[in-house]
Ligand code: EPU
């Protein structure tokens, strides 16, 4: 298993190009199931999760070809509307094929995702919403089995019990081919949801309000092919911002959307970093923070546009080295503090009180061997390792490879001493 070896305490300096968003690429790829015509995605990140979804789609009979940052998908000869356990267990986002399959083919068999490292993560809202659209859905031998007795889904008003990102995406895709109007209330407002809607519109869908809490969809008979550039990855961007602040560097992100990062930018400003931005770039200067260190800043995760749960571990790494104490409260997932004990191995002072971590900043972290437990936790450990004195070995970085394109190369180009050990 690969590891990352980091010699820390080197401030990051320079420019870094942000890749397309993993969490947009996955629903966009699943949306290719809604048409028999080609869908071309550009600005695609080269990631394990993207390859995993590609394999899932080819297993169903779709054609998927990725060349660099471009993916061409065509679902004109689907032979099996099935997402088997072997795929779903490696990537929960596989459940995103459920809505498109039911809408276009009137049937689907998708293995029920189990719990994962960060929480139980049920998909009951995806199922309930599809039922409201007229699908018959039950769980059989660990699979979600869905069919459409009347042949076509029927538009409906759906209000999810909580805000769910992939749930909103699944139901929005399904509603595009339903008969009549659907309204999704309490919809997720994440930029990735809006990006999916933008591509669905290019495919001929009639959607209003994506990116707000109420999405209105007029179903159409069929969708056609489209070409779409994937929205930049705000979590990758945020990860580099945190790495720059933790190492007290000066980094400019290129190819990002600053407004998608507003809540994090506010927090980093509060911490003492200087942030400037233009249409598609952000510069963070943290080499002259008052007192030479970041100030501790508390945060509470919430749905977009709030502080992203996907940034909590990385922001915790920044706080580990700050002046003062911060309270970081996780409200989205019940078990997303697996990085805490690993950060403690690096010398951090953190106490867990229910769903809040109290981080007492220390002057120095010291390198150690740590184990990545999930994607964003891994990113938090890499940031801490970059800031720590001496050598840090981050084990199990296959988690990191799922969601960050060439992270160690991008960090090395910014001056980090980091290498993959096979
Ligand atoms: N939930 C339910 N029932 C459902 C759906 C969700 O109880 O049917 C609960 C979840 O258990 C959780 C909350 O609702 O407590 C929110 O979950 P959500 O459905 O929004 O999460 P998701 O769609 O499974 C996406 C991202 C995650 C990100 C979350 C929250 C993708 C592929 N994944 O997951 O990204 O953390 O939204 O923003 O878009 C990551 O990239 O590392 C990652 C985990």
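In my numbering, the protein residues as written are 2 to 423.
Don't be surprised by glycine CBs; every beta carbon is placed ideally from N, CA and C.
>> Less than 8 angstroms between the beta carbons of residue 318 and residue 247, yes or no?
In response: yes
>> According to DSSP, simplified to helix, strand and coil, what is residue 221?
In response: coil
>> My assumption, with CB atoms under 8 angstroms, is that residue 220 sits in contact with residue 179. Please give the rounded CB distance.
In response: 4 angstroms
>> Quick check: residue 135 and residue 151, are their CB atoms within less than 8 angstroms of each other?
In response: yes
>> Counting beta carbon pairs with one atom in the region 383-390 and one in the region 315-331, are three or more of them shorter than 8 angstroms?
In response: yes
> Which two residues bound the contiguous beta strand (DSSP E) that contains residue 229?
Replying inline: 227-230
>> Could you check whether residue 295 and residue 1 sit closer than 8 angstroms to each other, using their CB atoms as the reference points?
In response: This structure cannot settle anything about residue 1, because the visible part of the chain is limited to 2 through 423.
> Is it right to say residue 331 is buried, meaning 16 or more other beta carbons lie within 10 angstroms of its own, or is it exposed?
Replying inline: buried
>> Could you compute how far the alpha carbon of residue 336 sits from the alpha carbon of residue 120?
In response: 5 angstroms
> Roughly how many angstroms lie between the CA atoms of residue 26 and residue 35, to the nearest whole one?
Replying inline: 15 angstroms
> Excluding sequence positions up to five away, which residues of its chain have a Cβ less than 6 angstroms from the Cβ of residue 145?
Replying inline: 111 and 113
>> So, for residue 426: in the same chain, excluding its five sequence neighbours on each side, which residues have a beta-carbon less than 6 angstroms away from its beta-carbon?
In response: No information on residue 426 is available, as it lies outside the stretch 2 to 423 that the chain covers here.
> Skipping 5 residues on each side, what residues in its chain have a beta carbon closer than 7 angstroms to that of residue 155?
Replying inline: 134, 135, 179, 180 and 181
>> Relative to the C-alpha of residue 413, which candidate in 70, 8, 359 and 4 has its C-alpha closest?
In response: 8
> At a cut-off of 7 angstroms, is residue 125 close to ligand 1 when judged by its beta-carbon and the heavy atoms of the ligand?
Replying inline: yes
> Measuring CA to CA, which of 347, 284 and 191 is closest to residue 17?
Replying inline: 284
> For the region 86-153, which segments carrying the beta strand (DSSP E) assignment without a break, of at least 3 residues, lie completely within its bounds, in sequence order?
Replying inline: 108-112, 137-141 and 144-148
> How many angstroms separate the CA atom of residue 59 from the CA atom of residue 391?
Replying inline: 45 angstroms
> Along the chain, where does the beta strand (DSSP E) that runs through residue 209 open and close?
Replying inline: 207-209
>> Taking the alpha-carbon of residue 325 as reference, which of 297, 349, 338 and 302 has the nearest alpha-carbon?
In response: 297
> Measuring CA to CA, which of 65, 85, 375 and 88 is closest to residue 78?
Replying inline: 65
> Out of curiosity, what's the CA-to-CA distance linking residue 174 and residue 126?
Replying inline: 14 angstroms
> Would you say residue 370 and residue 394 are within 8 angstroms of each other, going by their C-beta atoms?
Replying inline: yes
>> Suppose you measure from the CA of residue 143 to the CA of residue 98; what does that come to, to the nearest Å?
In response: 16 angstroms
>> Between 361, 389, 403 and 233, which has its C-alpha nearest residue 375's C-alpha?
In response: 403
>> By the DSSP assignment, the beta strand (DSSP E) with residue 418 in it spans what residues?
In response: 418-422
> Thinking just about the alpha-carbon of each residue, which of 329, 201 and 115 is nearest to the one in residue 93?
Replying inline: 115
> Below 8 angstroms between beta carbons: does that hold for residue 124 and residue 96?
Replying inline: yes
> residue 290 to residue 249, Cα distance in whole Å?
Replying inline: 8 angstroms
> Between residue 230 and residue 43, which are expected to be in contact by the criterion C-beta below 8 angstroms, what is the C-beta distance as a whole number of angstroms?
Replying inline: 5 angstroms
>> In whole angstroms, give me the CA-to-CA distance for residue 170 and residue 194.
In response: 6 angstroms
> Which residues in the same chain as residue 396 place their Cβ atom closer than 6 angstroms to its Cβ, once the five residues preceding and following it in sequence are excluded?
Replying inline: 4 and 372
> Skipping 5 residues on each side, what residues in its chain have a beta carbon closer than 7 angstroms to that of residue 225?
Replying inline: 36, 38, 204 and 205
> When the Cα of residue 417 is compared with those of 29, 148, 262 and 241, which residue comes out closest?
Replying inline: 241
> Quick one: Cα of residue 13 to Cα of residue 251, how far?
Replying inline: 6 angstroms
>> Based on DSSP bridge pairs, tell me the residues matched to residue 315.
In response: BP columns for residue 315 are empty, so no partner.
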